[in-house]
Amino acid sequence: MTAAVANRRSFVQRTLGAALLDPKVYEEVEADRSANGQAAWVVTLSAVAAGVGSIANHGWSGVVWYTVAALVGWYVWAAIACAIGTRMLPGTYTRADVGELLRTIGFSSAPGVLRIFGLVSPIAGFVFLISTLWMLVAMVVAVRQALDYCTTGRAIAVCAIGFPIYATGLALSLLLLGPWPI
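Quick note: the sequence shown uses this note's numbering, first residue 20, plus one each step.
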């Protein structure tokens with residue numbers, strides 16, 4: 020057993036570390052090809068929390084919609100970030116593939132688990148706002164680490180260019196597909 024494998028964090032440790040914006044956690048999941056399933060679980064947990072947290076507005080169909088949209092959006096966003104980061108804005112050390120971005124961006128969804136507290140009506144909007152902003156910051160850290168950038172500015176640029184593309188697709192799917200109470 021190698022030292023890297025022996026020192027690997029647990030799923031819970033990785034998720035907490037990602038939520039706390041620890042670059043070492045993002046480096047670890049970037050390098051761990053077996054972490055794709057874990058990243059998918061973080062995205063799923065975050066999406067289910069959002070669905071449950073917004074159940075008063077969208078009903079149970081919102082839980083399903085948020086989960087499907089998050090999983091599809093996760094892949095789309097990783098592909099967009101990879102294309103922008105490796106083709107338009109590569110750094111000196113940039114060597115990345117979609118899988119690396121899937122893993123790091125997946126873990127950047129960790130703060131979204133807090134959206135379950137959207138069930139508490141008086142603070143629902145605040146919870147969604149704070150968790151979304153936190154996820155955006157985590158996404159910048161994830162992109163920076165996956166693309167091996169030396170500066171955060173380049174990661175912000177990738178997110179600033181790519182996120183509106185992703186958000187437009189998500190908004191259109193919301194308008195066209197729901198979630199609407201059954």
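All C-beta atoms in this analysis are idealised placements derived from N, C-alpha and C, irrespective of residue type, glycine included.
Source: prediction; values computed, not measured.
* **Local Cβ density within 10 Å of D162, reported as buried at 16 or more and exposed below that** => Sequence inspection shows Val at residue 162; the Asp mentioned does not correspond to that position. When all chains shown are included, V162 counts as buried.
* Asked: Since L133 and W93 are thought to touch, with beta carbons under 8 Å apart, how far apart are those beta carbons, to the nearest angstrom?
  -> Not a contact, Cβ separation roughly 18 Å.
* Asked: Considering only C-alpha positions, which residue in the set S53, S128, V95 is nearest to L64?
  -> S128
* Exposed or buried, A166, counting other C-beta atoms within 10 Å across all chains shown (16 or more means buried)? -> Note that residue 166 corresponds to Leu in the displayed sequence, not to Ala. L166 comes out buried.
* Asked: Which of helix, strand or coil does DSSP assign to C101?
  -> helix
* Just how far apart, CA to CA, sit V95 and P141? -> 33 Å
* Rounded C-alpha distance that separates A54 from I180 -> 27 Å
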